[in-house]
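Below is one structure, written out as structure tokens; comments come after it.
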Amino acid sequence: MKEIKEIQRFALPLIANQYFNLVMNQLILYLAVNRSLENLAGITTISSLLYALGGILGTVALAFNIEGGQRIGKSETRGFLQLLKSSLLLNSLVGLVFAGATLIFGSLFLRGMYSFSGQLLHLTHLYLVIQSPYIFLTLMLFLSSNLIKIENKTSLIMVSSVVSMGFELLLNLLLVRMFQMGIIGAGIASISSLFVSVALQFFFVRQKIKAALCEKATALKQLIQKSIPLGGQELLEGVIFTLIFDALMAREGLEILAIYNLCLQLLNLVKMPTYMYENAITVFVSKAYGEKNERKMHHVFRVSVLSSIAFYLVFSLLIFINGNRFALLFSSKLSRHFSEYLLIALICSLFFVTYESLKGMLQAINQEKYVLYRTFLINVILFTVLLLSCIFITTNFTFLYVLYGISLLILSVIFYRKYRKIMAERTI
110 MKEIKEIQRF
120 ALPLIANQYF
130 NLVMNQLILY
140 LAVNRSLENL
150 AGITTISSLL
160 YALGGILGTV
170 ALAFNIEGGQ
180 RIGKSETRGF
190 LQLLKSSLLL
200 NSLVGLVFAG
210 ATLIFGSLFL
220 RGMYSFSGQL
230 LHLTHLYLVI
240 QSPYIFLTLM
250 LFLSSNLIKI
260 ENKTSLIMVS
270 SVVSMGFELL
280 LNLLLVRMFQ
290 MGIIGAGIAS
300 ISSLFVSVAL
310 QFFFVRQKIK
320 AALCEKATAL
330 KQLIQKSIPL
340 GGQELLEGVI
350 FTLIFDALMA
360 REGLEILAIY
370 NLCLQLLNLV
380 KMPTYMYENA
390 ITVFVSKAYG
400 EKNERKMHHV
410 FRVSVLSSIA
420 FYLVFSLLIF
430 INGNRFALLF
440 SSKLSRHFSE
450 YLLIALICSL
460 FFVTYESLKG
470 MLQAINQEKY
480 VLYRTFLINV
490 ILFTVLLLSC
500 IFITTNFTFL
510 YVLYGISLLI
520 LSVIFYRKYR
530 KIMAERTI
């Protein structure tokens with residue numbers, strides 16, 4: 110019972126924080142765009158790019174999360190502080206390199222990658238320059254968030270989000286609406302809000318930071334080695350898979366592509382609690398692994414998976430009931446059959462819960478390379494089947510999602526068997 114309460118106390122504030130951020134981000138985007146197509150194109154393009162890069166490079170923080178949890182489990186306080194000092198230095202180096210590259214090559218990248226020109230190029234380049242500290246601040250935010258998570262004080266993350274989001278909202282009202290600074294004002298508001306969030310979270314963990322600064326950075330190589338397969342996993346899932354799946358859906362026609370994108374938005378809402386419970390698995394299992402407490406590892410996994418499934422089923426039901434109403438906001442044509450497609454997507458994505466949970470479990474016990482290699486292998490097989498199907502038979506929305514669901518099921522089985530094998534070896 111104690112562990113159940115501990116996991117829920119960890120995960121529920123993170124879930125609430127994610128949904129709060131989602132609502133606030135939409136409101137902030139509305140204010141920042143200020144009915145300007147140039148603002149909309151510039152802000153959304155750069156924000157999507159930075160978000161993707163932040164996710165890939167943020168695996169340095171995930172590596173710290175896993176290694177740090179294990180060292181706490183082993184009661185290696187000094188080793189934990191040395192790991193923290195190493196992570197601070199590595200994050201700073203990556204962030205400063207990105208900022209320099211943005212300032213030097215930003216305009217060239219926007220012209221070559223997005224074919225921007227004229228006023229749009231000028232505005233987006235200004236926005237990118239203002240956002241140049243983004244990766245540095247984001248990595249520091251991830252690091253401080255993980256320190257807070259390791260200490261099981263996730264409600265503090267909610268506090269920093271509320272304060273920083275309120276600050277960004279106020280700045281957008283002042284700079285964009287009142288002083289008509291457009292995309293420049295939106296950029297200043299965004300990066301200032303991120304700075305406030307980092308400052309608050311560093312204040313919350315200031316004692317740990319001070320102690321770490323007095324230690325030597327002896328774990329740089331270890332963090333880099335840990336981060337590479339984690340980054341490869343993020344790249345594989347977040348960029349390559351999305352691009353290929355989107356491209357195949359686009360072949361089905363404009364209406365199906367629109368339905369797919371709307372389903373994706375709703376699926377992201379349903380999946381959000383699973384990500385937070387995966388976070389809990391990473392933190393609690395890595396500690397239990399360091400303590401060599403197999404019983405606690407099993408219990409954390411079971412509670413997290415059951416909680417994730419409960420959230421998935423309840424949110425799926427609510428979203429399915431209101432699916433056609435949601436589609437009607439965008440198009441009366443889409444709303445006629447939208448719920449049918451949404452139901453297929455929700456059912457086929459159910460094994461996402463077990464896949465993410467088992468992936469987090471294996472990564473927490475130093476099996477990140479195994480996870481990357483097996484995911485890559487199954488995805489290569491999946492992509493091959495998809496491409497051959499496009500050539501020799503007629504594919505459709507259902508066929509593509511069923512194959513996606515099968516790949517999640519296969520990976521879940523592979524990961525579970527690996528986990529059981531490792532646990533059996535540890536008990537011999």
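Here the sequence shown is numbered in the numbering used here, starting from 110 and rising by one per residue. All C-beta atoms, glycine included, are put in the ideal place defined by N, C-alpha and C. Keep in mind it's a predicted model, so treat the numbers as computed, not measured.
| query | Hey, quick one: how far does the alpha helix (DSSP H) through ASN388 stretch, first residue to last? | reply | Stepping through the sequence shown from its first residue, residue 388 is reached at position 279. Residues 363-400.
Check your understanding: Does the Cβ of GLY362 have 16 or more other Cβ atoms within 10 Å, making it buried, or fewer, making it exposed?
Key -> Counting from 1 along the sequence shown, the entry for residue 362 is found at position 253. Exposed.
For this session: Assign LEU357 to buried or exposed, taking buried as 16 or more other Cβ atoms, counted over all protein chains shown, within 10 Å of its Cβ.
Result: In the sequence shown, residue 357 corresponds to position 248, counting from 1. Buried, because 16 or more other Cβ atoms sit within 10 Å of the Cβ of LEU357.
Cβ pair SER264, PRO122 closer than 9 Å: Translated into the one-based positions of the sequence shown, residue 264 becomes position 155. Translated into the one-based positions of the sequence shown, residue 122 becomes position 13. Contact check for SER264 against PRO122 passes: the beta carbons are separated by less than 9 Å.
* Asked: Around the C-beta of THR484, are 16 or more other C-beta atoms found within 10 angstroms, so that it is buried, or is it exposed?
  -> On the sequence shown, residue 484 is found 375 positions in, with the first residue counted as 1. Counting Cβ neighbours within 10 Å, THR484 comes out buried, since at least 16 surround it.
Under a three-way DSSP split, which group does LEU438 fall into? As a position in the sequence shown, residue 438 is number 329, starting the count at 1. Annotated three-state conformation of LEU438 is coil, per DSSP.
Can you give me the C-alpha to C-alpha distance between THR274 and VAL392, rounded to a whole angstrom?
Your numbering for residue 274 matches position 165 in the sequence shown. Your numbering for residue 392 matches position 283 in the sequence shown. Correcting the residue identity first, residue 274 is Met in this sequence and not Thr. Per the coordinates, the alpha-carbon of MET274 lies some 26 Å from the alpha-carbon of VAL392.
**Report entry** LEU279 classed as buried or exposed, judged by whether at least 16 other C-beta atoms fall within 10 angstroms
**Finding:** Taking the sequence shown and counting its residues from 1, one reaches residue 279 at position 170. By the 16-neighbour rule on beta-carbons within 10 angstroms, LEU279 is exposed.
**Report entry** Separation of GLY215 from GLY221, as counted between CA atoms
**Finding:** One-based indexing of the sequence shown puts residue 221 at position 112. One-based indexing of the sequence shown puts residue 215 at position 106. Put simply, the backbone Cα of GLY221 is about 10 Å away from that of GLY215.
| query | Where does the unbroken alpha helix (DSSP H) through PHE429 begin, and where does it stop? | reply | For this step, residue 429 is matched to residue 320 along the sequence shown. Boundaries of the alpha helix (DSSP H) around PHE429: 403-430.
| message | Taking the straight line between their C-alpha atoms, what separation do you get for GLU115 and MET290? | response | One-based indexing of the sequence shown puts residue 115 at position 6. One-based indexing of the sequence shown puts residue 290 at position 181. The alpha-carbon separation between GLU115 and MET290 amounts to approximately 46 Å.
When the Cα of LEU459 is compared with those of GLU185, ILE500 and LEU518, which residue comes out closest?
Residue 459 sits at position 350 when you count from the first residue of the sequence shown. The residue with the shortest Cα to Cα distance from LEU459 is LEU518.
Using a threshold of 9 Å, state whether the C-beta atoms of LEU252 and THR211 are closer than that.
-> The residue you call residue 252 lines up with position 143 of the sequence shown. The residue you call residue 211 lines up with position 102 of the sequence shown. For LEU252 and THR211, no; Cβs fall outside 9 Å.
Point to revise | Selection from MET381, LEU283 and ILE390 that minimises the alpha carbon distance to ILE137 | key: Counting from one through the sequence shown, the residue named residue 137 turns up at place 28. Closest by alpha carbon: LEU283.
Check: LEU230 and PRO338: beta carbons closer than 9 Å?
Finding: Residue 230 sits at position 121 when you count from the first residue of the sequence shown. Residue 338 sits at position 229 when you count from the first residue of the sequence shown. Not in contact: LEU230 and PRO338 (Cβ atoms no closer than 9 Å).
> Three-state secondary structure (DSSP) at VAL314?
Replying inline: Here residue 314 refers to the residue found at position 205 of the sequence shown. DSSP places VAL314 outside both helix and strand once states are collapsed to three, so it counts as coil.
With DSSP collapsed to three states, give me the class of ALA538. Not covered by the structure: residue 538. The range shown for the chain is 110 to 537.
| request: Taking 8 Å as the threshold, find out whether the segment 289-304 comes into contact with the segment 421-440 through three or more Cβ pairs. | output: With the rule of 3 Cβ pairs closer than 8 Å, the segment 289-304 does not count as touching the segment 421-440.
Between the alpha carbons of VAL412 and GLN228, how many angstroms are there, rounded? Translated into positions along the sequence shown, residue 412 becomes position 303. Translated into positions along the sequence shown, residue 228 becomes position 119. C-alpha of VAL412 to C-alpha of GLN228: approximately 53 Å in a straight line.
| request: Output the distance between the C-alpha atoms of CYS457 and PRO382, rounded to the nearest integer angstrom. | output: Your numbering for residue 457 matches position 348 in the sequence shown. Your numbering for residue 382 matches position 273 in the sequence shown. One C-alpha to the other measures close to 18 Å.
When DSSP labels each residue in this structure, what does LYS262 get in the three-state scheme? Start at 1 with the first residue of the sequence shown, and residue 262 comes out as number 153. In the structure shown, LYS262 adopts coil according to DSSP, grouped into three states.
Quick one: does the C-beta of TYR479 sit closer than 8 Å to a heavy atom of the ligand HEM?
-> Ligands in the displayed structure: none, and consequently the ligand HEM is not present.
Given GLY164 as reference, the closest of LEU329, LEU332 and LEU250 once Cα atoms are compared:
By 1-based counting over the sequence shown, the position of residue 164 is 55. Restricting attention to LEU329, LEU332 and LEU250, the CA atom closest to the CA of GLY164 is found in LEU250.
Q) In three-state DSSP terms, what is LEU340? A) Along the sequence shown, read from residue 1 onward, the residue named residue 340 stands at position 231. The displayed chain sequence assigns Gly, not Leu, to residue 340. Note: GLY340 maps to helix in three-state DSSP.
**Request:** Scan the segment 230-260 and note each continuous alpha helix (DSSP H) run of 4 residues or more that stays entirely inside, going in chain order.
**Result:** Given a length threshold of 4 residues, each whole run of the alpha helix (DSSP H) inside the segment 230-260 is given here in chain order: 243-259.
* To do: Would you kindly work out how many angstroms separate the C-alpha atoms of GLN310 and ALA170, rounded to a whole number?
  => As a position in the sequence shown, residue 310 is number 201, starting the count at 1. As a position in the sequence shown, residue 170 is number 61, starting the count at 1. GLN310 and ALA170: Cα-Cα distance of roughly 14 Å.
| 9 Å Cβ cutoff met for ASN255 and PHE173 | Taking the first residue of the sequence shown as 1, we reach residue 255 at position 146. Taking the first residue of the sequence shown as 1, we reach residue 173 at position 64. PHE173 sits close to ASN255, with the two beta carbons spaced by under 9 Å.
Please say whether GLN191 and GLU400 have beta carbons closer to each other than 9 Å? Against the sequence shown, residue 400 aligns to sequence position 291. Against the sequence shown, residue 191 aligns to sequence position 82. Taking 9 Å as the Cβ cut-off, GLU400 and GLN191 do not qualify as a contacting pair.
Simplified DSSP state of ASN505, which is helix, strand or coil:
Translated into the one-based positions of the sequence shown, residue 505 becomes position 396. ASN505 falls in the coil class under three-state DSSP.
Anyone know if the C-beta pair for GLY177 and ILE259 falls short of 9 Å? Looking up residue 177 in the sequence shown gives position 68. Looking up residue 259 in the sequence shown gives position 150. In this structure, GLY177 lies near ILE259, with their beta-carbon atoms less than 9 Å apart.
DSSP state of CYS457 mapped onto helix, strand, coil: The residue given as residue 457 occupies position 348 in the sequence shown. DSSP places CYS457 in helix when its eight states are reduced to three.
Review point. Comparing alpha-carbon positions, which option in PHE245, ILE239, PHE276 and SER425 lies nearest LEU373?
Key: Residue mapping note: residue 373 aligns to position 264 of the sequence shown, counting from 1. Minimum Cα distance to LEU373 is reached at SER425.
Check: What residue range is occupied by the uninterrupted alpha helix (DSSP H) comprising GLN191?
Finding: Taking the sequence shown and counting its residues from 1, the one referred to as residue 191 is at position 82. GLN191 -> alpha helix (DSSP H) spans 186-223.
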